[in-house]
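To convert a position in the sequence shown, counted from 1, into this note's numbering, add 1000. Even for Gly, the Cβ is constructed at its ideal location relative to N, Cα and C.
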Amino acid sequence: MNPQKFQAVRGMNDILPDETPAWAFLEETLRRWLNQYGYREVRSPVLEPTGLFIRSIGEVTDIVEKEMYSFVDELNGESLTLRPEATASCVRLAVQHNLLYAGPQRLWYLGPMFRHERPQKGRYRQFHQCGAEALGFAGPDIDAELIVMTARLWGMLGLKDVALEINTIGSLECREQHRQKLITYFEGHLEVLDEDARRRLYSNPLRILDSKNPALKSLIESAPRLIDQLDDASALHFESLRSLLEAAGLQYRINPGLVRGLDYYNATVFEWVTPLLGAQSTLCGGGRYDGLVEQLGGKPTQACGFALGLERLLALLQETRVAAIPVVGPEVYVVHQGEGAQQAAFLIADALRDEGFSVVLHCGGGNFKSQLKRADGCQAAFALIIGEDEVRQQLVSIKPLRGQGAQQTVSLQQAIQLLK
């Protein structure tokens, strides 16, 4: 039998040891940032019933029509889907476990999502998102908090060339009136519409406004604007949001064409964009979705949230090199050679771990020179050297590998104090 060499699924990437420190740095920053605002972590399965996403995202969306990884479980005939986004999962979790009976909830999540898209820079078939969902909050103040939160994150990461775009898509009644006006408008330009736009014309014309086809740009820019026909409550909500953002010192651009790609949004929608990542310019997107909790079996509950892509954030950090990603290596690398040294090294390495140090014990033999080269290569701060002389005298030699300082031969307890 000939061995077969396998490759990862196209668009689903391995993250290698040299890359994981950057991921760990970003993830730790995200955890610290979300904790500052009192958001609590939830973790949902990557597999959900297919109907959850059809019902929440909408049947006439690219995600449901073309991008979901769905299959039938042969054991019970249930249709399952790898989650393409996590807002629906987070709401399903909150409803299923009655979290909202305890009052409004600030929740966050981090993990992989899956969409069958053409892989390119910043867009993958398995990608990672961090998101926050505020469930049970009615006013524009929570919309503003989520937007101000994200602005703080860019500051924590040292990112500067990131711009805020906001819009409102009003109430369901506003959108229905706008829908009829859009249909009438686009019916007068059928010859210009591409295949996607024609397919959506009567099912979801608002999605035409989100088209990336440059041939439709001028047509879309001249289309009736929902923001010009808001009801009083929707207009007041949007004005209050703008006042809060201005009071916080945030600059923004109102983008009437910003509608977001999912059906569950209403009222506030927003995106943070950057010119530094080419076509994949959106770093973070979100908005209000007041009907989704009820739609998924809960009581009427107002809600707002956002999601941001980790791969795009990491690409931007790499592109701008504004945040120093710390190199993570062990604090101590234990080098040993000679009679009795291996056994002593095993015991000493564990004694150091008991004191709270991260320790790598050299395995596989080799002389002192090659072992010290390995210690330096793994970014260890110190080498702890054990040879026959050290074993005989019950001492260890400690050698700094990062910065100045001379090698010292001391007792294990003295070495621990030096390391501390």
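Contacts around residue i, its chain only, beta-carbon distance under 6 angstroms, and the 5 residues preceding and following it disregarded
| i | result |
| --- | --- |
| Arg1402 | Ala1381 |
| Leu1206 | Val1259 |
| Met1012 | Arg1125, Gln1126 |
| Cys1130 | Leu1030, Leu1110, Leu1308 |
| Glu951 | Here the chain comprises residues numbered 1001 to 1420, so residue 951 is not present and cannot be evaluated. |
| Glu1041 | Trp1108 |
Closest by C-alpha distance to residue i, when choosing among the options
| i | options | result |
| --- | --- | --- |
| Glu1271 | Ala1102, Glu1145, Asn1255 | Asn1255 |
| Phe1238 | Gly1366, Gly1170, Ser1222, Ala1307 | Gly1170 |
| Arg1125 | Ala1132, Pro1224, Glu1117 | Glu1117 |
| Gln1120 | Glu1390, Leu1245, Gly1338, Leu1277 | Leu1277 |
| Asp1194 | Glu1173, Leu1216, Phe1025 | Leu1216 |
| Ser1358 | Glu1339, His1336, Ala1341, Leu1384 | Leu1384 |
| Glu1191 | Leu1219, Ser1240, Leu1164 | Leu1219 |
| Leu1135 | Gly1387, Leu1308, Asp1290 | Asp1290 |
| Tyr1069 | Arg1115, Gly1077, Glu1028, Thr1020 | Arg1115 |
| Gly1340 | Leu1201, Gln1371, Gly1387 | Gly1387 |
| Gly1305 | Gln1251, Ser1370, Val1148, Gly1077 | Val1148 |
| Leu1164 | Trp1154, Ile1015, Ala1303, Glu1173 | Trp1154 |
| Asp1376 | Asn1204, Asp1354, Lys1399 | Lys1399 |
| Arg1242 | Phe1053, Glu1145, Phe1006, Asp1389 | Glu1145 |
| Ala1088 | Arg1055, Leu1075, Phe1071 | Arg1055 |
| Met1183 | Glu1173, Glu1246, Ala1223 | For the sequence presented, residue 1183 should be read as Ile rather than Met. The candidate whose alpha carbon is nearest that of Ile1183 is Ala1223. |
| Gln1096 | His1336, Leu1052, Glu1319 | Leu1052 |
| Asn1167 | Ser1203, Asn1367, Ser1234 | Ser1234 |
| Arg1392 | Ala1406, Val1042, Val1410, Gln1404 | Val1410 |
| Thr1282 | Arg1043, Gln1004, Arg1123, Gln1036 | Arg1123 |
| Leu1284 | Gly1338, Lys1005, Tyr1202, Thr1150 | It should be pointed out that residue 1284 corresponds to Cys in this sequence rather than to Leu. Checking every option, the nearest Cα to that of Cys1284 belongs to Thr1150. |
| Leu1201 | Lys1181, Pro1214, Glu1067 | Lys1181 |
| Phe1368 | Arg1353, Asp1354, Gln1342 | Gln1342 |
| Leu1296 | Arg1092, Phe1186, Glu1028 | Arg1092 |
| Leu1172 | Ala1247, Asp1231, Gly1188 | Asp1231 |
Close Cβ partners of residue i (< 8 angstroms) along its chain, the five nearest in sequence each way excluded
| i | result |
| --- | --- |
| Asp1073 | Ser1079, Leu1080 |
| Leu1100 | Ala1094, Leu1135, Gly1136, Val1293, Gly1298, Lys1299, Thr1301 |
| Arg1175 | Ile1169, Leu1206, Leu1226, Asn1266 |
| Leu1128 | Here residue 1128 is His; the residue named in the question, Leu, does not match the sequence. Answer for His1128: Leu1110, Gly1111, Pro1112, Met1113, Gly1309, Leu1310, Glu1311, listed in chain order. |
| His1362 | Tyr1333, Val1334, Val1335, His1336, Ala1345, Gln1371, Arg1374, Ala1375 |
| Gln1417 | none |
| Arg1253 | Ala1163, Leu1164, Glu1165, Ile1166 |
| Leu1250 | Ile1147, Val1148, Ala1151, Leu1164 |
| Arg1198 | Leu1190 |
Three-state class that DSSP yields for residue i in the structure shown
| i | result |
| --- | --- |
| Thr1184 | helix |
| His1336 | strand |
| Ser1044 | coil |
| Pro1021 | helix |
| Gly1377 | helix |
| Ile1015 | coil |
| Gln1295 | helix |
| Ala1406 | coil |
| Ser1397 | strand |
| Arg1010 | coil |
| Leu1258 | coil |
| Leu1030 | helix |
| Cys1035 | Reading off the sequence, residue 1035 comes out as Asn, not Cys. Note: Asn1035 maps to helix in three-state DSSP. |
| Ala1303 | strand |
| Thr1268 | strand |
| Thr1274 | coil |
| Phe1382 | strand |
| Gly1051 | helix |
| Val1328 | coil |
| Leu1250 | coil |
Cβ neighbours of residue i in the same chain (closer than 7 angstroms, five flanking residues each side left out)
| i | result |
| --- | --- |
| Ala1412 | Note that residue 1412 corresponds to Leu in the displayed sequence, not to Ala. These residues qualify, in order along the chain: Ile1348, Ala1351, Val1396. |
| Leu1034 | Trp1108, Ala1132 |
| Gln1105 | Ala1094, Leu1099, Leu1135, Gly1136 |
| Asp1161 | Thr1274, Pro1275, Leu1276 |
heavy atom of the ligand FMN below 7 angstroms from residue i C-beta
| i | result |
| --- | --- |
| Ala1345 | As for the ligand FMN, it is missing from this structure, which has no ligand bound. |
Min CB distance residue i to chain B below 8 angstroms
| i | result |
| --- | --- |
| Asn1076 | Absence of chain B from the displayed structure is noted, only one protein chain being present. |
Are the region 1034 to 1051 and the region 1080 to 1094 touching by the rule of at least three beta carbon pairs closer than 8 angstroms?
At 8 angstroms Cβ cutoff, the stretches touch.
Scan the region 1156 to 1244 and note each continuous alpha helix (DSSP H) run of 4 residues or more that stays entirely inside, going in chain order.
1172 to 1187, 1195 to 1200, 1217 to 1221, all fully within the region 1156 to 1244.
Okay, do the region 1132 to 1149 and the region 1223 to 1234 touch, 3+ Cβ pairs below 8 angstroms being the bar?
Result no; under three Cβ-Cβ pairs closer than 8 angstroms.
Whole alpha helix (DSSP H) runs in the region 1066 to 1151 with 4 or more residues, listed along the chain?
1087 to 1096
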